[in-house]
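Visitor:
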Amino acid sequence: MKRETLVILGVVAGLLVWLLVAGDYAVSRTNRAMIYALMALSFSVLAGRLGWFSLCQTTLAGVSGYVVAILGAQHGLPYAVVIPAAILTSMLFAVVFGVLTVRARAVSFLMLTLALGQMVWALSFQWVGLTGGYNGISGVRLPMVLGFNLNDPRVFYVLLATCTVLIFLAVHRFYNSRFGLLLLGIQENEQRMRALGHPVYLARFAAFVLAGAIAGVAGVFLVYDMGIMSPSPLSLNQAVLVLTAAVLGGYRTVWGPALGAGILITLQTGVAQYTDRHMMVVGAVLALCILLMPRGLSEFSWKSLVRGRRATTSST
Amino acid sequence: MSTEQALGVAGIAKSFGSLVVASDVHLSVAAGARHGLIGVNGAGKTTLFNMIAGELKPDQGDIHFFGERITRDSVIQRTLKGLGRTYQVSTLVPTVTVRQNLALARGDGRIPSLWRPWDDGLDDALLATADRLGLTPLLDDLVANLSHGTLRQLELAMVLAREPRLLLLDEPAAGLSRSERQVLTGMLRDLPREVTLLMIEHDMDMVLALSDRISVLHQGEVFVEGTPDEIAANEGVRDIYLGRAHG
């Protein structure tokens, strides 16, 4: 059997075993970790392939969350309409944002996504008529399907884990595709890719919309997991949290974002049980990790650690 | 050799503010020709290449490619029409392998498949071109680890894989060792005449050996054009290269 198949089977088996042994609280924290993994993946698609560090992927997830809350909880539209509409709206926002950012480079891209993200965030608490302001929109629920209550954390876990694994597999496939390779080429040498007949802006735009779709899916799960949609998932805090997860796990690899999100949520959950100052501990651990493993955990090797920090830090 | 014109540059002018880099450049390259473009540093050679390739828009003048006006075409459009170029500095995609760089050589103006693996159907012609340039043993090496000479070979392989009708070579021998230059000269000499070459080069031996026409660019204009023998014998050209004022 191929090594790849073994890894996938291992992950699926691990997720199943976890469902059997973990308590309800641990399962619901795992759900949150998988949602953050999807958002970190959305971030990493742009950061790892294009060198584009986006601070608006959580905003795109939040947009999709609001669509679910407004159309589903407020207007009672069927799920088959609400969920695709939510993901499509995220993609539509990504289209608009993409048009504005497609020519931007590193820092200007970061600043543009920050500005766009903050605009939507401000809108989310100021347009009270649509979003309910700070109070948000509550009562966002999933239905019963075949006698299973999808709102039950364990049932939700099965649904979420399946989607997460499938999306990560699809992104893995995409990273190894011609398009994925072209994005790496564009990151390194835009001018050359154009001279070799590749539509640089179009490719970047497509990647941005694709990342927006992943964020949209994450947003759907996020709002059903929380049961309420408020402006907080669109705040800068959340964008930074997702960035941290991606950098910690390693945004150049496919599974790095999942690893990072898992560790971050575990740290938050674990340390919070012992001290109120848990964010200090989390911060210290992160600083240490990034000093020792600048390329993220998924690209960590003992060799690079032994070879000294110069070699590793210069590669970021 | 046919008398068809591969490239026609008519009255090109370009200024950056008060700096005039091309004042009135006329250049005609016959199909199948090996045309050398020489001149001292700052004569505007690379700027002219950038205008021919579409990376820079001229202020005035027109560019024709096999009879078709391409002055307003984008880089990608010109590439798809059969214009290829190499750069003074061979920066490719250092973070991936030689094979992956080769896979990127044949852009068709569209977004490639998101699903098909990058190495699926990597065609034989592509690998044959790489083989002719001695890249076969290095296919799985990271481009960042290649020597300067090999990097140049790879760049040439990538652009030749596109089977360009006109190839612009910007100092192909720069930074190469003596033996590497000889290999390169032989390689370029062996190229089929379906490929027209326009080449900027400072290595005079190489230019004289390869070209059948040479244009000398000086202060944003074509100072003189002729056969290699005529250029070698030209007093004015010598003055330019020795830094003397020309008459």
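Top line first, the protein sequences correspond to chains P and Y. 154 is the number that this note's numbering gives to position 154 of the first sequence; each next residue is one higher, with no gaps. 1048 is the number that this note's numbering gives to position 48 of the second sequence; each next residue is one higher, with no gaps. Glycine included, every Cβ here is placed at the ideal spot set by N, Cα and C.
Indicate whether at least one CB of chain Y lies closer than 8 angstroms to the CB of residue 197(P).
Guide: Cβ-Cβ to chain Y under 8 angstroms: yes for residue 197(P).
Visitor: Against residue 1190(Y), what residues of chain P qualify as contacts under a CB-to-CB distance less than 8 angstroms, listed in chain order?
Guide: In chain order: nothing, as chain P lies at least about 23 angstroms away.
Visitor: Residue 34(P): which of 298(P), 292(P) and 225(P) sits nearest, CA to CA?
Guide: 225(P)
Visitor: According to DSSP, simplified to helix, strand and coil, what is residue 310(P)?
Guide: Here the model assigns residue 310(P) a pLDDT of 46, short of 50, so the residue's position is not dependable, and the following value carries that caveat. Residue 310(P): helix per DSSP, three-state reduction.
Visitor: Name the DSSP beta bridge partners of residue 1007(Y), please?
Guide: 1029(Y) and 1065(Y)
Visitor: Could you check what DSSP says for residue 300(P) in three-state terms: helix, strand or coil?
Guide: coil
Visitor: Taking Cβ positions, are residue 61(P) and residue 209(P) nearer each other than 8 angstroms?
Guide: no
Visitor: For residue 143(P) and residue 1159(Y), what's the separation of their Cα atoms in angstroms?
Guide: 57 angstroms
Visitor: Report all residues from its chain with a CB closer than 8 angstroms to the CB of residue 153(P); omit the five preceding and five following residues, and keep chain order.
Guide: 24, 27, 28 and 31, listed in sequence order.
Visitor: Can you find at least 3 beta carbon pairs, one from the segment 1148–1156 of chain Y and one from the segment 1063–1077 of chain Y, that sit closer than 8 angstroms?
Guide: no
Visitor: Put residue 1088(Y) into one of helix, strand or coil per three-state DSSP.
Guide: Shown here, residue 1088(Y) sits in coil according to DSSP, grouped into three states, outside any helix or strand.
Visitor: Over the uninterrupted beta strand (DSSP E) stretch that includes residue 1199(Y), give me the two end residues.
Guide: Where residue 1199(Y) is concerned, the enclosing beta strand (DSSP E) stretches over 1196–1200.
Visitor: According to DSSP, is residue 70(P) helix, strand or coil?
Guide: helix
Visitor: Could you pull out every residue in the same chain whose Cβ sits closer than 8 angstroms to the Cβ of residue 181(P), ignoring the five residues on either side in sequence?
Guide: Counting only Cβ-Cβ distances below 8 angstroms, and skipping sequence neighbours, we find nothing.
Visitor: Which runs of the alpha helix (DSSP H) fall wholly inside the segment 138–197 of chain P and span at least 4 residues, in chain order?
Guide: 153–175, 178–188 and 190–195
Visitor: Excluding sequence positions up to five away, which residues of its chain have a Cβ less than 7 angstroms from the Cβ of residue 1073(Y)?
Guide: 1054
Visitor: Which residues in the same chain have their Cβ closer than 6 angstroms to the Cβ of residue 1122(Y), if we skip the five residues on either side of it in sequence?
Guide: 1103
Visitor: Residues in its own chain within less than 8 angstroms of residue 103(P) by CB, not counting five upstream and five downstream?
Guide: 201
Visitor: Since residue 42(P) is in the alpha helix (DSSP H), which residue starts that stretch and which ends it?
Guide: Where residue 42(P) is concerned, the enclosing alpha helix (DSSP H) stretches over 24–50.
Visitor: Quick check: is the beta carbon of residue 203(P) nearer than 8 angstroms to any beta carbon in chain Y?
Guide: yes
Visitor: The segment 47–69 of chain P: which residues have C-beta closer than 9 angstroms to a C-beta of chain Y, in chain order?
Guide: none
Visitor: Measure the Cβ-Cβ separation of residue 136(P) and residue 56(P) and say whether it is below 8 angstroms.
Guide: no
Visitor: Count the other CB atoms, across all protein chains shown, that sit within 10 Å of the CB of residue 84(P); report buried if there are 16 or more and exposed otherwise.
Guide: exposed
Visitor: Quick one: Cα of residue 1225(Y) to Cα of residue 296(P), how far?
Guide: Rounded to whole angstroms, residue 1225(Y) to residue 296(P) spans 58 angstroms at the Cα level.
Visitor: Identify every residue that forms a DSSP beta bridge with residue 1038(Y).
Guide: The partner list for residue 1038(Y) (beta bridge, DSSP) reads 1216(Y).
Visitor: By how many angstroms is the C-alpha of residue 38(P) removed from the C-alpha of residue 214(P)?
Guide: 7 angstroms
Visitor: Can you confirm whether residue 1116(Y), when its beta carbon is compared against all beta carbons of chain P, has any partner nearer than 8 angstroms?
Guide: yes
Visitor: Thinking C-alpha only, which one of 1132(Y), 1227(Y), 1216(Y) and 1229(Y) is nearest residue 1239(Y)?
Guide: Among 1132(Y), 1227(Y), 1216(Y) and 1229(Y), the Cα nearest to that of residue 1239(Y) is on 1216(Y).
Visitor: How big is the Cα-Cα spacing for residue 119(P) and residue 138(P)?
Guide: Roughly 23 angstroms separates the two Cα atoms.
Visitor: Which same chain residues end up closer than 8 angstroms to residue 171(P) when comparing Cβ atoms and leaving out the 5 residues on each side of it in sequence?
Guide: The residues are 41, 45, 214 and 254.
Visitor: Looking at C-beta atoms only, is the number of pairs between the segment 239–256 of chain P and the segment 278–291 of chain P that lie closer than 8 angstroms three or more?
Guide: yes
Visitor: State the DSSP-derived secondary structure class of residue 1022(Y), mapped to helix, strand or coil.
Guide: strand
Visitor: My understanding is that residue 268(P) touches residue 51(P), with C-beta atoms under 8 angstroms, so please give their C-beta distance in whole angstroms.
Guide: So it is not a contact: roughly 28 angstroms between Cβ atoms.
Visitor: Check whether the segment 1199–1211 of chain Y touches the segment 1225–1237 of chain Y, taking contact to mean three or more Cβ pairs, one atom from each stretch, closer than 8 angstroms.
Guide: yes
Visitor: To the nearest angstrom, report how far apart residue 282(P) and residue 1046(Y) are at their CA atoms.
Guide: 53 angstroms
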